[in-house]
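The sequence shown begins at 40 in our numbering and counts up one residue at a time. Glycine residues also receive a C-beta, built at the ideal position from the N, C-alpha and C atoms.
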Amino acid sequence: MSIKAPRGTEDLLPGQVEIWQYAESVIKDVVKHFNYKEIRTPIFEHTELFQRGVGDSTDIVQKEMYTFKDRGDRSITLRPEGTAAVVRAYVENKMYGLPTQPVKLFYFAEMFRYERPQHGRTRQFHQFGVEVLGSNQPAIDAEVINLAMTCYEKLGLKSLKLVLNSLGDQESRTNYRKALIEHFTPYKNELCHDCQSRLEQNPLRILDCKKDREHQAMQTAPSILDYLNESSRTYFEDVKHYLDLMEIPYVVDANLVRGLDYYNHTAFEIMSEADGFGAITTLAGGGRYNGLAEDVGGPETPGMGFAMGFERLIMALQVEGVQLPLLDAIDCYVVSFGEAANESAIRLTNTLRQNGISADQDYEGRKMKAQMKSASRNHAKYVCIIGESEVEEKTVMVKAMDTGEQESVREQDILTYLRKRLNGGIGNE
Ligand code: ATP
Ligand code: MG
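This is the structure we're talking about:
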């Protein structure tokens with residue numbers, strides 16, 4: 040029996056990988072312009088980190104974690120999300136003592152959640168995320184949201200919706216929590232099993248339930264926005280004001296609570312509104328988490344961040360039909376016929392590769408026509424043709440694949456010739 044990849048995992052094959060690399064490179068450019076620095080944390084952590092940092096009452100901790108005992112009998116968990124690990128690293132490495140504050144970080148990482156696989160939901164998936172630690176300014180919330188939106192826009196996505204909410208501070212949430220318990224208790228028996236236990240543990244998360252979404256009690260539930268105290272309300276107004284200043288459109292949805300326990304004040308999600316995106320439309324989510332660093336044993340540190348799913352980003356690019364640059368093109372394909380020419384070809388391909396020009400050639404002794412076909416299948420921009428007369432004359436016949444124009448170039452000039460053209464200098468001599 041042949042062995043298959045585990046359920047909920049996907050191979051990324053050549054062709055697809057180039058799209059991922061392109062998306063990563065666009066995003067890396069954005070984070071650079073926003074002055075965020077990369078952090079890489081381990082793939083696994085002590086289980087306790089997520090129990091404390093993500094929260095015992097969340098779906099992630101209750102049913103989605105890949106948890107196992109290692110040979111030293113420690114409970115280990117494959118990271119299901121990035122924030123808790125980044126905050127752990129921030130605390131452990133005393134990054135609160137760094138001279139530049141706040142600390143602005145980003146990561147690209149694979150995450151693991153034991154979920155029911157479906158389109159846009161896998162068990163191993165990838166996230167790009169950012170975290171800002173050490174600032175409690177609403178302008179930071181707006182900056183982080185702006186960064187996420189900028190990534191999508193630079194990649195050419197148009198059908199985006201930014202949904203915003205405030206969960207307020209501790210006091211506001213405590214009052215709201217009471218109101219929610221009062222509101223939902225009469226309906227308790229009609230709610231799903233999870234929501235019945237959420238009612239005591241964390242009633243806010245009832246609003247995030249996918250099963251009870253249509254229940255009438257959801258529509259009539261009290262709004263967090265009516266329970267924000269004055270400072271929380273001001274904070275939220277400021278965030279919206281900064282988004283307005285940067286001309287970032289948003290809608291406020293008082294039911295947006297997000298799945299994790301650690302959020303306060305700002306919560307946001309970015310959805311795709313493209314036709315045919317499917318049932319799962321959330322591309323990214325994030326918010327402010329001022330209590331998290333303390334929860335994992337560090338000093339009180341305000342934090343703000345988001346994570347975007349990479350699989351869903353790629354889906355959005357496909358659904359919106361975004362034209363990507365030709366990603367797997369090579370600069371030059373070397374075609375040769377005759378024994379002496381084959382040797383020149385090996386030398387030339389190597390010279391090109393060593394000098395910053397991507398190149399390939401045929402080693403199978405195929406006919407000239409088949410070699411030319413190979414060149415176009417590899418999306419070569421130029422073909423260098425070497426036959427007997429080229430060997431004798433120490434020249435190379437260079438064909439530009441876009442125009443079909445051919446030119447005989449002296450062997451010693453080939454690097455300069457190709458470099459000039461590859462840098463966009465065609466026809467400018
Ligand atoms: P959902 O409501 O879709 O389960 P979530 O609230 O669990 O999302 P977050 O933990 O906020 O998601 O993760 C941020 C982003 O990571 C999501 O918006 C999504 O794009 C992506 N993501 C989350 N879980 C998965 C998964 N199992 N497979 C693929 N992408 C995922
Ligand atoms: Mg989830």
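With DSSP as the reference, label N303 as helix, strand or coil.
strand
Specify whether the segment 335–346 and the segment 375–393 touch according to this definition: at least 3 beta carbon pairs, one from each stretch, less than 8 Å apart.
no
In this structure, what does DSSP give as the bridge partners for V290?
V202
Helix, strand or coil: which one does DSSP assign to T213?
helix
Run through DSSP, which three-state label would M40 get?
coil
Tell me which residues share the same chain as M407 and place their Cβ nearer than 7 Å to its Cβ, disregarding the 5 neighbours each side in the sequence.
V374, F376
Have a look at G344 and K102 and give me their C-alpha separation to the nearest angstrom.
24 Å
Can you give me the C-alpha to C-alpha distance between K316 and E308, rounded to a whole angstrom?
At residue 316 the sequence reads Phe, which differs from the Lys that was named. Roughly 16 Å separates the two Cα atoms.
Residue(s) in a DSSP beta bridge with C371
A398, Y421
Hey, S447 and T455: beta-carbon distance below 7 Å or not?
no
Residues in the same chain with beta-carbon distance under 7 Å from N467, minus the five sequence neighbours each way, listed in chain order, please.
Since pLDDT at N467 reaches only 40, below the 50 mark, its modelled position is unreliable, and the value read off the structure follows with that caveat. Cβ within range, chain order: n/a, list empty.
Taking the C-alpha atoms as reference points, what is the distance between Q209 and D265?
15 Å
Does any heavy atom of the ligand ATP sit closer than 6 Å to the C-beta of R152?
yes
Sequence-distant residues of the same chain with beta carbon closer than 7 Å to E120, five excluded per side
V93, I99, M150, A346
Taking 6 Å as the cut-off, is the CB of L350 close to at least one heavy atom of the ligand ATP?
Residue 350 is actually Glu in this sequence, not Leu. It does: the Cβ of E350 is within 6 Å (strictly closer) of some heavy atom of the ligand ATP.
Enumerated in chain order, which unbroken segments of the beta strand (DSSP E) with a length of 3 residues or greater are wholly contained in the segment 148–185?
163–172
Could you check which residue in G159, I82, Y215, R244 has the C-alpha nearest to that of T106?
I82
Just to check, is the beta-carbon of F145 closer than 6 Å to a non-hydrogen atom of the ligand ATP?
no
Sequence-distant residues of the same chain with beta carbon closer than 8 Å to S174, five excluded per side:
Q140, P141, P341, M343
Tell me which residues share the same chain as G464 and place their Cβ nearer than 6 Å to its Cβ, disregarding the 5 neighbours each side in the sequence.
In this predicted model, G464 has a pLDDT of only 49, less than 50, meaning its place in the structure is not dependable enough to derive any value.
I'd like to check one pair, P261 with H509: are the Cβ atoms closer than 7 Å?
A query on residue 509 cannot be resolved here, the shown segment of the chain reaching from 40 to 468 and no further.
Report the rounded CA-to-CA distance for Q451 versus A62, giving the unit in angstroms.
38 Å
Run through the DSSP bridge pairs and tell me what V142 is partnered with.
L172
Here's a check: name, in chain order, each residue in its chain whose Cβ is nearer than 7 Å to the Cβ of R91, leaving out the five neighbours to either side.
D334, V335
Out of Q362, A123, R162, which one is the CA nearest neighbour of E49?
R162
Please classify S114: does DSSP put it in a helix, a strand, or coil?
strand
Compute the Euclidean distance between the alpha carbons of R46 and Q357, then round it to the nearest angstrom.
23 Å
Closer than 6 Å by C-beta to H158: which residues in its own chain qualify, once you throw out the five before and the five after it? Chain order, please.
G317
Coil, strand or helix - R449 by DSSP:
strand
Per DSSP, what kind of secondary structure is R252 in: helix, strand or coil?
coil
Who are the near neighbours of E87 in its chain, counting only those whose CB is closer than 8 Å to its CB and skipping five residues on each side?
S114
Cα-Cα separation, Y302 to A128:
19 Å
Please tell me whether, using a cut-off of 6 Å, the distance from the CB of F164 to the nearest non-hydrogen atom of the ligand ATP is below it.
yes
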